[in-house]
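Please read the structure below before turning to the comments.
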Amino acid sequence: MAELTKNEELILLSIWKLKEDAYGVTIRENFRKITGKTLNYGSLYNTLYLLLRKGLVVSQESEPLSKKGGRRKILYSLTREGEKVLGTVQKIHKLAWSDVPDLALEKKK
Amino acid sequence: MKKRPHNPPKFFLHILGRLSLYEEMFAVSRDFEIEYKDISENHSRMKGFFWLLGSTLLVFYHYIVLTTKWRTVMFRNYLKIAFRQLMKHKGFSIINISGLALGMTACLLMLMFVVNETSYDNFHPNKDRIFRVITDWGKEGSRMKFAGAMPAIAPTLNAEVPEVEVAARVRYMTKTVITDAENQSFEEDKAFYGEPEIFDIFNWSLLEGDKSKALVEPYSVVLSQKIASKYFGTNEALGQTLTINDKPYKISGVMKDLPANTHLSCEILVSYETVMALGEYPEKPWNVWGDDHNYVLLKENVSAETLHEKLNNLLIKNAGDWYRGRMDLIPQPLSAIHWDNESRGDMGPKGNYLYVYLFLSASILVLLIACFNFMNLSTSRYVDRMKEVGVRKVVGANRKQLIHQFLVESTLVALIAAAIGIYLFIILNKSLYALLNIEFVIGSSNSVYLYGLIVLLVCVVGLFAGGYPAFFLSRFRPVDIIKSGPWGIRNKLSLRHALVVVQFSISILLIVGTLVVYQQLSFMKNSELGFEKKDVLLVQFPWGNEEVKKKYPVLRSEILNNPNVMSVSGVYTAPGVNSQFQMSARKVGDGPEKTVTLQALPGDYGYVKTMGLHLVKGRDLSKDYAMDEKESALLNETAVKVLGLDNPVGAKLLIPRNQEMVEMTIVGVVRDFHVQSLHNKINPMIIFIEPKMYAMMAIKISPTNTEQTVQSLKEIWNNVLPFAGFNYRYMEDAYHSFYRTEEKTGKLITIFTCLALFVSCLGLLGLASFMTSKRVKEIGIRKVLGATAGGITVLLSRQFTKWVIISNVFAWPVAYYLLSRWLENFAYRMNLGPEPFLVSGAVALSIAALTVGVQSIKAALANPAESLRYE
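Chains as they are written, first to last, in this note's numbering: chain A, 1 to 109; chain B, 110 to 980.
This is the structure:
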């Protein structure tokens, strides 16, 4: 099974969450929502490129926007392989964290 | 309120799209567009703009860094390979680089000559508005142009013509002797009288002194830095006194040295008021012309035609109606002065467009030869490197990269060659131009051109010479190359043969040119001139000295007493001397409309004997006839024809002498002789006695013991005229100086022909060695099967011989056309026969045969066992 870096994992997750609306800008926004950090475009495209190469993600051009002169954008979606990997990651996370109390909350107290 | 849509600046998106590596895959610019809209809707348009600007700059920065990095890596690889190739084939590289370097040197040398010639007087900021008034004088058929015009023109223009911004007169000081503090005399030859307005016309800057006051007072003088430091060293020259022609002059200014590329190279500028003070200003300034050069600065947008019309109106108004149709005052543009070979009494070195074109085309031809050489050699070398190209392509190099690689290689070679070429140029240019007596202005206003030229040359050669091999090589498909080796594409290389043919055509062209130039030169030097140029001394009289005229008879008889002197005559001009004196004459009884212009040759009784002229009819001027001193004259054959005299001896002519028309009798006719060079037709001439006009003494001496004779003549001279130096030269040398341009051209063209031939041979050598090396195996097999060494040599050389012969076919018609055009320059010229063509063909053929033959013999003599051993 392919190993994923943290960025790859989060981007994969974002694409899954966004479903039909997954493109550069929204993925980046989602990433920020989860982590609170901005992902710069360089890292975003590089990671997407790797995911495409690993066959976890496919890209396709959207229908042109209704607006006059609107251009197509590139939408991303998970492949079956991608969904499987994401599932595995989730399983690992759940198992790994199952008996750990909420560290972030404890610290705040 | 409806919000305007937030459309991002297209420009930034375009840059982003172009520079991003992922544009195609991810539509990056689209993402940025959406993000920009978000930001500017949620925050402010300004913030969006800056965000986009920042991102663009960032992308730009990364793009630059990345591409430079990778380009450098590849570039280093290209350089490394290029150097390895150079080192691996040392002999080949030397041939290649030296050929190119020599070609560049030759090209630079010639181009600098061209730049130098075409840059005359271009340093004056108002150069387009500056004109010189020249005169065109005479009747139809015998018109003559003079560089100088009437002294009254400039003041009248200043006073009466509003279109003229300013006008000024300049007059050449025919004889300038400066006496320095130690009482030593020096003759200077770049001295002029000038008006203060001249500073408003020309870009002459005063380092010391006041422009508006420096030339106002009589006997004031402005010196150039060079002259100032010659006579005053490091001392302050301003305000000092300088003795010129035995009169004290006050130095009122020091002028910056003028560049060499000017027709008016002035080092000593005396105020024009001095002319009046010396009493040399004519009484009727509208009726005398020739000495004063009138320079005019027109106002903006005034055409030369307007000036032309006004000038001639002024002439008729002031000089009289008699001048109508006889004289034309022409404004000559400043830029045309250097090229004016026609006007008499002009100053400065003259240029000839023919030579400029000749050198321009020769420089291009030599460079072409060198480039072809380079292309030829590189291409033949590259065939060996097909495998490298194939492998590079397989590994992933695209065509662009391959072209880059070969361009880098060829530019590298071009650079090395240029470095060597420029070094040679720097070493050679001074000595070469000194050899050819060209005053050269490198390092002044022309150095910018020089650097530009060099850069251009490297670029052109790198691209042109490297471009062909680069495109040629990168074109092949890797499969073809790797599978079949270079032999599969051998037939496509025939362009190289064409190049060899072109190279040799050019070489042959140059050889023919050299031969014809030298033939014409020797034709001119050896042709029958109508006078004896050998063993005649020309001794200059000090100018304008009354004492000389008094002492002349004494001097004459003293010199004639010397047994080694055959004859002697005071003369105004002589063959080889440029000054001319014209007069109008007509037959007694003819109306003034039949006036003819004759070239006057004032002389003495010994004139005909001294010059060795042949009397055709009548008798020589002689002391035995009392009338000869004042009333007799000789004509040449042309003059007899022009005047239409059936019985010349005894005919009477009306000739102006001492401001009145005098009746003169023709007592003899001499055969035509060439006072001027063979470029010119022989003028109608008249010879008479006029001691007032003597400018020099012509002395015919016996050909034996010339040194002794000259020595004793010098003693006599110094006894009689102690104040005048014995400045002599041989008439033969003086006459040959007419052909200095041709001699220069001859020398130059020889040098460049040798170069071109040498470079062509280098190319042929490289090509021959390459071709034979490719055929080593074939030769081996032929020898094993019984071919003789001689047979193989012939086999290998035959092809090259064929090319050289084809080159002849191309070169001859072109050479014939060009050379007949060149020969049209000469009124008297050689016959252009087949000899130079055949000789040049033979020379080219034998040199080529020698070059190729050595290679072929080497290959033919090799042991076949060596070449066949490994297969």
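All C-beta atoms in this analysis are idealised placements derived from N, C-alpha and C, irrespective of residue type, glycine included.
Identified DSSP bridge partners for residue i
i	result
G679 of chain B	B:M806
G303 of chain B	B:V279 and B:S380
P442 of chain B	B:F240
T285 of chain B	B:E297
Y404 of chain B	B:R241 and B:A277
K31 of chain A	Note on residue identity: the sequence assigns Phe, not Lys, to residue 31 of chain A. According to DSSP, F31 of chain A bridges with nothing at all.
F832 of chain B	Answer is none; F832 of chain B lacks a bridge partner.
I54 of chain B	In the structure as shown, chain B begins at 110 and stops at 980. Residue 54 of chain B is therefore absent and cannot be evaluated.
D437 of chain B	B:D245
A709 of chain B	B:I795
A742 of chain B	B:I775 and B:F797
V522 of chain B	In DSSP, V522 of chain B forms no bridge with anything.
Q691 of chain B	B:Q708
L51 of chain A	None, per the DSSP bridge assignment.
Straight-line Cα distance separating residue j from residue i
i	j	result
I791 of chain B	A936 of chain B	9 Å
F690 of chain B	E226 of chain B	30 Å
F832 of chain B	S294 of chain B	10 Å
A974 of chain B	F909 of chain B	27 Å
S955 of chain B	L866 of chain B	12 Å
S164 of chain B	N485 of chain B	50 Å
A471 of chain B	A528 of chain B	22 Å
K911 of chain B	A957 of chain B	11 Å
T897 of chain B	V609 of chain B	28 Å
K761 of chain B	V819 of chain B	40 Å
H152 of chain B	A506 of chain B	48 Å
P264 of chain B	A346 of chain B	31 Å
W179 of chain B	I173 of chain B	10 Å
R433 of chain B	R453 of chain B	21 Å
P327 of chain B	G639 of chain B	47 Å
L977 of chain B	M134 of chain B	57 Å
G55 of chain A	K33 of chain A	26 Å
N917 of chain B	G942 of chain B	16 Å
E317 of chain B	L332 of chain B	10 Å
M880 of chain B	K892 of chain B	17 Å
L857 of chain B	S869 of chain B	18 Å
I439 of chain B	T706 of chain B	20 Å
E392 of chain B	M259 of chain B	12 Å
When the options are compared against residue i, the one with the closest alpha-carbon
i	options	result
M777 of chain B	B:A974, B:M720 and B:R728	The sequence given here has Gly at residue 777 of chain B, not Met. Answer by Cα proximity: B:R728.
L48 of chain A	A:N30, A:H93, A:Y23 and A:K37	A:Y23
E841 of chain B	B:K809, B:F861 and B:A969	B:K809
A574 of chain B	B:L516, B:N538 and B:L562	B:L516
Y926 of chain B	B:I966, B:V948, B:L618 and B:E887	B:L618
P578 of chain B	B:V717, B:S965 and B:T520	B:T520
T288 of chain B	B:V275, B:A694 and B:K339	B:K339
F534 of chain B	B:V674, B:T960 and B:L218	B:L218
L420 of chain B	B:I798, B:R884, B:G208 and B:F240	B:F240
V648 of chain B	B:A804, B:G698 and B:P672	B:A804
7 Å CB neighbourhood of residue i in its chain, flanking five on each side removed
i	result
S374 of chain B	K299, L367 and G457
Y844 of chain B	K642, P684 and G685
P800 of chain B	K658, Y661 and G679
N110 of chain A	Because chain A in this structure spans residues 1 to 109, residue 110 of chain A falls outside the shown range and cannot be described.
Test: residue i CB closer than 8 Å to a CB of chain E
i	result
V25 of chain A	Among the chains of the structure shown, chain E does not appear; the protein chains present are A and B.
Residues of its chain near residue i, where Cβ-Cβ distance is below 6 Å and the 5 sequence neighbours each way are ignored
i	result
M736 of chain B	none
E518 of chain B	A191
L787 of chain B	M633, F935 and Y937
V379 of chain B	Y302 and V330
D437 of chain B	D245
K68 of chain A	In this prediction, K68 of chain A scores a pLDDT of 49, lower than 50, which makes its location untrustworthy; the coordinate-derived value is nonetheless stated afterwards. If we look at K68 of chain A and ignore the five residues flanking it on each side, it has no Cβ neighbours.
S553 of chain B	Interpretation of S553 of chain B is limited by its pLDDT of 49, a score under 50 that renders its predicted location unreliable; no figure is taken from the coordinates.
Neighbourhood of residue i by C-beta, 8 Å cutoff - its chain only, sequence neighbours within 5 removed
i	result
I473 of chain B	C216
V325 of chain B	P305, S380 and E382
T35 of chain A	L10
Quiz item: At which residue ranges does the region 248-282 of chain B contain complete beta strand (DSSP E) runs of 3 or more residues, listed in the order of the chain?
Solution: 253-255 and 273-281
Practice problem: Give, in chain order, every unbroken run of the beta strand (DSSP E) that is at least 3 residues long and sits entirely within the region 913-956 of chain B. | Solution: none
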